[in-house]
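Enquirer:
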Amino acid sequence: MPQDNVTTDATYRSRIEKLREAMKEFGLAAVIIEPGPAMVYLTGVRWGRSERTFALVVPEQGDLGFVLPGFEEMRARELIRPGADIRVWQEDESPYQRIAQILKDRGIAAGRIGIDPSVRFFIFDGVRKLAPQLDYVSAQKVLKSAGVDAAR
Amino acid sequence: MSDPSRRTFLVTAAVGLARIAVAEDSTLPEAIRKLRPMTGGIQPISGGERQARIEKARRLMRENRMDAVLMEGGSSAFYFTGSRSNEVTLISRAGPGSWSGKADLAPKILKDQGVSTGKLGVEERVRFDLVDQIGKELPALDFVSADPVTAGCRMIKSRAELALMQRANDITIACYRAALAGLREGMTQVELSSNIAAAYKALGVNGDAMAIFGKYTAFPHGSIQPQKLREGDLVLIDDGCTVEGYQSDVTRTVVFGKPTARQREIWDLERKAQDAALAAAKPGRTCESVDAAARKVITGYGFGPGYKVPGLPHRTGHGIGLDGHEWPYLVRGNKRALEPGMCFSDEPTIAIYGEFGVRLEDCMYITEDGARTFTKQSPAIDQPFG
């Protein structure tokens with residue numbers, strides 16, 4: 004059997020770096036991404052979407068944040084590269100609070116947040132209710148400019 | 498618009514061919530090759546029922562002060578229109594009927610229906626992109642969650658819906674019987690999963706299941722680590738199939754070989770927790786009280802508390818219908834009262850990391866008198882089917 008092409012940690016780091024450069028250019032303080040091709044391209048993490056929020060927060064500065072269900076932590080850690088800031092939410096807790104907290108912890112109190120165009124409404128709605136002072140815009144152009152779109 | 502009768506014919510023909518392929522595949526266990534379709538006499542949801550759903554949606558829109566509801570292709574749109582197309586669907590409070598078409602046209606349709614201001618309910622899975630585009634064209638529009646309308650309709654099942662779910666559950670039990678009869682030493686979790694998918698094809702439907710062996714059964718959704726079945730391993734299979742869009746979801750946990758005293762004890766505890774949730778699921782009680790009932794059995798044994806493992810690391814159950822997981826959820830904090838016609842999974846997993854996990858899952862529907870399961874619960878660790 005042919006070996007899968009192994010993407011190295013350095014490659015993922017450079018992809019994130021490229022995205023951050025584009026974010027700087029477009030004036031985005033962070034980008035929020037759901038499981039799918041963009042998450043795989045940027046982090047190698049393949050995860051199925053469900054009603055349970057699993058999100059990647061790429062801040063312009065500081066560690067990547069992953070927000071995921073508490074009972075999936077062990078399974079998720081099999082996939083997530085070391086160095087990420089993993090925040091779990093339990094079944095009766097709010098995943099949006101975790102996302103909003105990551106933004107706050109990265110010093111993002113104002114400004115524009117890019118939303119991956121495929122993010123589902125309930126996640127965007129949950130976050131904007133907890134952080135209404137932020138401006139939510141489509142991350143489509145930023146992702147495309149950083150070459151993320153090409154992976155789709 | 499595609500011709501639904503032609504589509505049905507093509508799907509039936511494709512499933513028929515797949516079934517013949519299963520029957521002739523000598524690599525599959527005999528119990529699976531012997532399966533025959535269980536799809537005779539299925540009654541699809543009628544046009545009249547779909548129209549009544551739209552009327553109910555309008556009533557809920559009035560009660561929740563929404564002017565229109567926006568959906569993309571998916572379960573909610575299918576629920577109201579009967580179409581699986583990728584088009585955008587709008588139901589406006591003013592009526593009549595529903596509109597489906599290209600996303601670019603949605604702002605114009607909303608404007609024509611007088612909804613350029615006011616509240617647009619957005620179905621939970623609509624992509625941000627579409628909301629953003631409509632917002633740019635209709636900046637005075639307020640976007641709110643459509644859940645009170647979409648979930649408000651979908652969470653109460655009609656007799657016709659319950660009948661379709663019953664069939665999906667019956668098929669899943671037939672599938673699992675055949676799949677568990679074909680367990681063999683050294684098989685991988687992937688092989689068991691594909692046997693289950695093949696069994697569903699032979700039964701005339703689409704379905705699949707996750708299979709987990711040994712210590713990985715402690716992870717509710719399994720592990721990517723390769724697993725080979727060994728004597729004494731726990732085997733957990735979980736998921737379901739689809740009948741006219743309606744889902745089944747069943748989990749069985751068995752031992753390959755003779756159960757140990759420890760496996761038997763934890764399995765029995767799991768069954769008691771499942772029973773407690775079933776007994777608590779009465780109309781008028783809250784969703785969270787059902788979760789609390791199962792959890793009480795598990796913490797009473799000394800596990801937990803809360804989501805701590807060893808114990809029950811997730812909610813006790815989820816709603817089920819056109820989606821495998823849908824509103825409402827049996828979870829702490831959910832004060833919604835149970836009503837006749839609601840359907841839930843009852844699956845209070847007991848996870849012991851490093852050792853094993855046990856999950857029994859049967860789905861239940863709420864009646865005036867209490868909850869009834871679609872499937873007979875597993876009576877004992879060595880008897881997966883009642």
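Taken in order, these protein sequences are the chains called A and B.
When we follow our numbering, the leftmost residue of the first sequence carries the number 4, and every step to the right adds one.
When we follow our numbering, the leftmost residue of the second sequence carries the number 498, and every step to the right adds one.
Glycine is no exception: its CB is placed at the ideal position from the N, C-alpha and C atoms.
So SER141(A) contacts chain B; which residues on that side make the cut at Cβ distance below 9 Å?
Expert: Here the neighbours are PHE625, ASP626, ASP629, GLN630.
Enquirer: Quick one: which chain B residues come within Cβ less than 7 Å of ILE36(A)?
Expert: The premise fails here: ILE36(A) is roughly 11 Å from chain B at the closest Cβ pair, so nothing lies under 7 Å.
Enquirer: Can a CB atom of chain A be found closer than 8 Å to the CB of GLU852(B)?
Expert: Not one chain A Cβ lies under 8 Å of GLU852(B).
Enquirer: List, in chain order, every chain B residue whose beta-carbon is nearer than 7 Å to that of PHE29(A).
Expert: Here the premise fails: no neighbours, minimum Cβ distance about 15 Å.
Enquirer: Nearest to ILE795(B) by CA position, among ALA848(B), ALA520(B), PHE841(B), is which residue?
Expert: Selected option, being the one with the closest Cα: ALA848(B).
Enquirer: Could you check the C-alpha separation between GLU844(B) and ARG55(A) for me, to the nearest Å?
Expert: C-alpha separation (whole angstroms): 17 Å.
Enquirer: Verify whether the separation of the beta carbon atoms of VAL828(B) and CYS784(B) is less than 8 Å.
Expert: Going by C-beta atoms, VAL828(B) is nearer than 8 Å to CYS784(B).
Enquirer: Buried or exposed for VAL687(B), going by 16 or more other Cβ atoms inside 10 Å?
Expert: By the neighbour-count rule (16 or more Cβ atoms within 10 Å), VAL687(B) is not buried but exposed.
Enquirer: For GLY818(B), is the classification buried or exposed, using 16 other Cβ atoms within 10 angstroms of its Cβ as the cut-off for buried?
Expert: Answer is buried; the Cβ neighbour count reaches 16.
Enquirer: My output table needs one value for ASN703(B): the three-state DSSP class, helix, strand or coil.
Expert: Note: ASN703(B) maps to strand in three-state DSSP.
Enquirer: Check whether the region 535-546 of chain B and the region 649-666 of chain B are in contact - that is, three or more C-beta pairs closer than 8 Å.
Expert: In short, these stretches touch, since the Cβ pair count reaches three.
Enquirer: Could you name the residues of the same chain whose beta carbon sits closer than 6 Å to that of PHE753(B), not counting the 5 residues immediately before and after it, in chain order?
Expert: So the qualifying residues of the chain are LEU680, LEU726, ASP730, VAL732.
Enquirer: Rounded to whole angstroms, how far is the Cβ of ARG590(B) from the Cβ of MET558(B), which I believe are closer than 8 Å?
Expert: Going by Cβ atoms, the distance from ARG590(B) to MET558(B) rounds to 4 Å, so yes, they are a contact pair.
Enquirer: Rounded C-beta distance between GLY73(A) and TRP92(A)? I'm assuming under 8 Å.
Expert: Indeed they touch by this definition, with Cβ atoms about 6 Å apart.
Enquirer: At a CB-CB cut-off below 8 Å, which residues of chain B make contact with ARG123(A)?
Expert: Result: GLU621, ARG622, VAL623, ARG624, PHE625.
Enquirer: Could you check whether the region 31-45 of chain A touches the region 97-115 of chain A, counting it as contact only if at least three pairs of C-beta atoms, one from each stretch, sit closer than 8 Å?
Expert: Yes, the region 31-45 of chain A touches the region 97-115 of chain A.
Enquirer: Show which residues of chain A have a CB atom less than 9 Å away from the CB atom of GLY830(B).
Expert: The answer, in chain order, is GLU94, ASP95, GLU96.
Enquirer: Under 9 Å, CB to CB, which of the residues in the region 641-658 of chain B have a partner in chain A?
Expert: Against chain A - using a Cβ distance shorter than 9 Å - the residues of the region 641-658 of chain B are VAL641, SER642, ALA643, ASP644.
Enquirer: Keeping to the same chain, check which residues put their C-beta closer than 8 Å to that of LEU514(B); ignore five residues upstream and five downstream.
Expert: There are no such residues.
Enquirer: If you measure beta-carbon to beta-carbon, which residues of the region 711-728 of chain B are closer than 7 Å to chain A?
Expert: Hits within the stretch, in order: PHE716, PRO717, HIS718, SER720, ILE721.
Enquirer: Determine contact between the region 612-630 of chain B and the region 522-531 of chain B, defined as no fewer than three beta-carbon pairs at a distance below 8 Å.
Expert: Flag = no, the region 612-630 of chain B and the region 522-531 of chain B do not touch.
Enquirer: Okay, do the region 658-673 of chain B and the region 742-749 of chain B touch, 3+ Cβ pairs below 8 Å being the bar?
Expert: Counting Cβ pairs under 8 Å, three or more are found: they touch.
Enquirer: Can you look up PHE625(B) in the DSSP assignment and give me helix, strand or coil?
Expert: Three-state DSSP puts PHE625(B) in a helix.
Enquirer: Please list, in chain order, the chain A residues whose beta carbon lies closer than 9 Å to that of ARG812(B).
Expert: Within chain A, the residues near ARG812(B) are GLU94, ASP95.
Enquirer: By how many angstroms is the C-alpha of GLN64(A) removed from the C-alpha of SER572(B)?
Expert: Taking the straight line joining both Cα atoms gives about 38 Å.
Enquirer: Using only the alpha-carbon positions, how far apart do LYS147(A) and SER523(B) sit?
Expert: Whole-angstrom Cα-Cα distance: 48 Å.
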